[in-house]
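A.B. asks: Below: one structure in structure tokens.
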Amino acid sequence: ETWRGAGPRVLAQVRVDGGTYGAVAARAEDVPACGTRDPHVLAGVLWKSKADTWYLLAAGDADTASVTATGGVSATATGPLLAARAKQGAQAQLKGTLEGGRTLEALH
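Quick note on numbering: the sequence shown equals residues -7 to 100 in the working numbering.
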């Protein structure tokens, strides 16, 4: 949580294959996500493997009990990580469920 500008800014990055730098997967401003008021976050990205296969990769914070993708990709995973085959350009909606049962929408 940073306090530059009018409110907090949240960035989710993806780093694969041991890369040094991450690419921004999602960002939001003026939201409580990932801050002291609401320390939970969920984000996802389409990723192309070296074998030219596309995947939806999604991750939530440690309190995420499950992650579900609907729309252009249909998949569910137990725990905070989801990896599912996808088509290039697929648009999926992500929803997480926290251990206490509360639902969590993904950053966009």
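Where is the CB? At the ideal position from N, CA and C, for every residue including glycine.
#1: Assuming residue 0 contacts residue 30 (C-beta within less than 8 Å), just tell me the rounded distance between them.
#2: Look up residue 88 in the DSSP assignment and give the residues it is bridged to.
#3: Does the distance from the C-beta atom of residue 84 to that of residue 64 stay below 7 Å?
#4: Between residue 50 and residue 3, what straight-line distance do the alpha-carbon atoms span, to the nearest angstrom?
#5: For residue 91, I'd like the list of residues in its chain whose CB is within less than 6 Å of its CB, leaving aside the five on either flank, ordered along the chain.
#6: Check whether the Cβ atoms of residue 38 and residue 46 sit closer than 7 Å, and answer yes or no.
#7: How would you write the range of the beta strand (DSSP E) that residue 5 sits in, first residue to last?
#8: Check each candidate in 88, 13 and 98 and name the one with the smallest Cα separation from residue 68.
#9: In angstroms with no decimal places, state the Cα-to-Cα distance between residue 41 and residue 98.
C.D. replies: So, from the listed chains and residues:
#1: About 10 Å separates the two Cβ atoms, so there is no contact after all.
#2: 59 and 96
#3: yes
#4: 14 Å
#5: 55 and 57
#6: In this structure, residue 38 sits near residue 46, with a CB-CB distance shorter than 7 Å.
#7: 1 to 6
#8: 88
#9: The straight-line gap from Cα to Cα measures roughly 23 Å.
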